[in-house]
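Below is one structure, written out as structure tokens, with a few remarks after it.
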Amino acid sequence: MLKLENIEHYYDHVYALKKVSIELNEGETVALIGANGAGKSSILRIITGLNKPKSGTVTFQGKAINKMSPSQIVQAGIVMVPEGRRVFPYMSVRDNLLMGAFSRSSKTEIKNSLDQVLERFPILQERYNQSAGTLSGGEQQMMVIGRALMAKPKLLLLDEPSLGIAPKLVAEIARAIIQINKEEKVSVLLVEQNSRMALRISHRAYAMTTGSVAISGKSADLLEDDRIRAAYLGGEV
Amino acid sequence: MEQILVNGAYLGAQYALIALGLTLIFALMNVMNFAHGQMYVLGGFVTYTIYGQLGMPYALALFVTAITLAVVGAVVEKFLFRPVIKRSQRDESTMLLAAGLGFFLDAVILLVFGEKQRGVPKLINGVFNWDFRVIMPYDRILIFALAVACIIGFMLFMQYSKTGRALRALAQDRDAAQLMGVDVDRYGMTGFALGAMLAGIVGGLLVTITGVNLGMGGPTSTKAFMMVMIGGAGVIPGAIFGGLILGFMESILLSTLASYGDITYLVIFVSLMIFLAIRPNGLMGKPWG
Chain A
1 MLKLENIEHY
11 YDHVYALKKV
21 SIELNEGETV
31 ALIGANGAGK
41 SSILRIITGL
51 NKPKSGTVTF
61 QGKAINKMSP
71 SQIVQAGIVM
81 VPEGRRVFPY
91 MSVRDNLLMG
101 AFSRSSKTEI
111 KNSLDQVLER
121 FPILQERYNQ
131 SAGTLSGGEQ
141 QMMVIGRALM
151 AKPKLLLLDE
161 PSLGIAPKLV
171 AEIARAIIQI
181 NKEEKVSVLL
191 VEQNSRMALR
201 ISHRAYAMTT
211 GSVAISGKSA
221 DLLEDDRIRA
231 AYLGGEV
Chain B
1 MEQILVNGAY
11 LGAQYALIAL
21 GLTLIFALMN
31 VMNFAHGQMY
41 VLGGFVTYTI
51 YGQLGMPYAL
61 ALFVTAITLA
71 VVGAVVEKFL
81 FRPVIKRSQR
91 DESTMLLAAG
101 LGFFLDAVIL
111 LVFGEKQRGV
121 PKLINGVFNW
131 DFRVIMPYDR
141 ILIFALAVAC
151 IIGFMLFMQY
161 SKTGRALRAL
171 AQDRDAAQLM
181 GVDVDRYGMT
191 GFALGAMLAG
201 IVGGLLVTIT
211 GVNLGMGGPT
221 STKAFMMVMI
231 GGAGVIPGAI
241 FGGLILGFME
251 SILLSTLASY
261 GDITYLVIFV
271 SLMIFLAIRP
281 NGLMGKPWG
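First to last, the protein sequences are chains A and B. So the first sequence is numbered by the working numbering: it starts at 1 and just counts up by one. So the second sequence is numbered by the working numbering: it starts at 1 and just counts up by one.
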């Protein structure tokens, strides 16, 4: 479904990505794990069109998308939940969610999606008319996932959804990601520093170090891999 | 006293409408449009030509003014500001561009409309007189009502329309808005057009009361800039408050300081300096509300 081939990217002559190739099949949840600066977020910014790769190609459902603008890529069905949540802080929860449906036009379909999102995250119903900036971190994270679902994506990109969230809510968000993947048949590309959580909820994973893919494979296998344990799971257990 | 307050509200409503346009452009593009006053003057001259010269209905003149200025705003954004923003890393470039655009528009206005003060026939005659406590010509009341209607219309548009929502989203978080599928170029242009249109509408409204002349552009830009600084740059309610505050200050100080000579704006500038030293972000200094 999504294929990155030999992507290279650098900022001010410093390599951020060196010949990165990643593939994601329809219906899969794929995790990208790795430390800060490993290039995970750069990959997402390239897929969404916010950054353009210096070389290499990105194809989505057989079409090259690396020359398309961010809004065209959203139209194609790729929607990202950015790192740090990036809510529209002075807009209500309602308006934030409606912004998610910006690329769609059918009012009844948008209304249906809105009902679905509010059903999935009942807390958003309670906060419906509140400014998004007044929500807690966990609530904001649910809202931005809901906002992304409002676009009816085929592929959902999640950038560090557990960052700065209370542990109890991390489990809830993880559950929501699994459900979205299974029930709504949305493919998911998950970028996480919380490698354990990412490997538990994904089918396959790529482990990155300084701009390139070091190890890849089935997530269940990687959880048992000694190299992964030492480098990404903090060595314990 | 009632008279002073009524004058203040009247002035404040016009000012708020000017400030709204400026703050919208700032919030969306991070551009301080120093040519805003010139756009206002241009709007005044367009209305003058269509209503005053050609004798067409005022409503039509105001409509054409709005469209003309929206087109000017869109063109200026697409061919001047957008390329400069794309290629320059520094905010100063767009400031200089805006200032240059102001001079350019001044020159265009001088060439096309001349340097004379122009006025138009009164919209309606008669004066409202409440026991000699408040005296207000009917046309001023009409213009005040139109300005308030425009402010309310603009706010409803920003709050409830899809375009308004996209503009607010763009102002609050550019990247996130793009990720929702908002086309930055298209909506940047829309916002600029809308901001210029508001300036033009005020010009079209005020030409019926005070007339219009070439020299009004620069001072109006400065005033608009002040209102935005008072309220907090990029914030809708801030612009409205800023406009009202400046309107009331002008009306109150003009009458109370009359015996000391023409020092109203001296006092206003000094108080603005002190105010900004205490609250550099203005009353509501946060990005977009």
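Ideal Cβ placement from N, Cα and C applies to all residues, glycine included.
Inset, instruction - Show which residues of chain A have a CB atom less than 9 Å away from the CB atom of B:A169. - result: The contact set of B:A169 on chain A, defined by CB atoms closer than 9 Å, consists of F88, M91, D95, N96, M99, F102 in chain order.
Inset, instruction - Report yes if the C-beta distance between B:A16 and B:I268 is below 8 Å; otherwise report no. - result: Going by C-beta atoms, B:A16 is not nearer than 8 Å to B:I268.
Legend entry - Host alpha helix (DSSP H) of A:R196 (start-end): Note, A:R196: alpha helix (DSSP H), 195 to 201.
Legend entry - A:T209 (DSSP reduced to helix, strand or coil): Three-state result, A:T209: strand.
Inset, instruction - Determine the burial state of A:R175: buried for a count of at least 16 other Cβ atoms within 10 Å of its Cβ, exposed for fewer. - result: Counting of Cβ neighbours within 10 angstroms places A:R175 among the exposed residues, the total staying below 16.
Inset, instruction - Could you please give the first and the last residue of the uninterrupted beta strand (DSSP E) stretch that includes A:Y10? - result: Unbroken beta strand (DSSP E) run through A:Y10: 2 to 11.
Legend entry - Partner residues on chain A for B:D173, Cβ-Cβ distance less than 7 Å: At a C-beta separation below 7 Å, B:D173 has these neighbours in chain A: R86, F88.
Inset, instruction - Answer with yes or no whether the minimum CB distance from B:M197 to chain A is below 8 Å. - result: Among the residues facing chain A, B:M197 is not included, as its CB has no counterpart in that chain under 8 Å away.
Legend entry - B:T68, DSSP secondary structure in three states: B:T68 sits in a helix when the DSSP states are folded into three classes.
Inset, instruction - Measure the alpha-carbon distance for B:H36 versus B:A196 and round it to whole angstroms. - result: Spanning the two alpha carbons is a distance of roughly 7 Å.
Legend entry - the ligand MN heavy atom lying under 7 Å from the CB of B:M136: With respect to the ligand MN, the structure offers nothing, as it holds no ligand at all.
Legend entry - Minimum Cβ-Cβ distance from A:S71 to chain C less than 8 Å: Within the model displayed, chain C is absent; protein chains A and B are what it includes.
Legend entry - Sufficient close CB pairs (3 or more, under 8 Å) joining the segment 121 to 128 of chain B to the segment 165 to 177 of chain B: No, the segment 121 to 128 of chain B is not in contact with the segment 165 to 177 of chain B.
Inset, instruction - Using DSSP bridges, identify the partner residues of A:S131. - result: Partner(s): A:S92.
Legend entry - Within chain B, the residues that A:A239 reaches when beta carbons sit closer than 8 Å: Given that chain A is displayed from residue 1 to residue 237, the structure contains no residue 239 of chain A and the question cannot be resolved.
Inset, instruction - In the DSSP assignment, find the unbroken alpha helix (DSSP H) run with B:Y160 in it and report its ends. - result: 138 to 160 is the span of the alpha helix (DSSP H), which, as asked, contains B:Y160.
Inset, instruction - Starting from the Cα of B:L80, find the closest Cα among B:Y260, B:D131, B:D185 and give me that residue. - result: Cα-wise, what sits closest to B:L80 is B:D185.
Legend entry - 8 Å contact criterion, which B:G203 and B:Y40 should meet: CB distance rounded: The pair is a contact, with the Cβ atoms about 4 Å apart (cut-off 8 Å).
Legend entry - Coarse secondary structure for A:K218, derived from DSSP in three states: Correct three-state label for A:K218: strand.
Inset, instruction - Return helix, strand or coil for A:D159, following the three-state DSSP convention. - result: In this structure, A:D159 counts as strand in the three-state DSSP scheme.
Inset, instruction - Excluding the 5 residues preceding and the 5 following B:V64 in the sequence, name in chain order all residues of the same chain whose CB lies nearer than 6 Å to its CB. - result: Taken in chain order, the residues that qualify are I50.
Legend entry - Under 8 Å from the C-beta of A:P82: neighbouring residues of chain B: Going along chain B in sequence order, the residues near A:P82 (Cβ under 8 Å) are D175, A176, L179.
Legend entry - Distance between beta carbons of A:P70 and A:G49, contact taken as under 8 Å: At roughly 4 Å, the Cβ-Cβ gap stays under 8 Å, so A:G49 and A:P70 are in contact.
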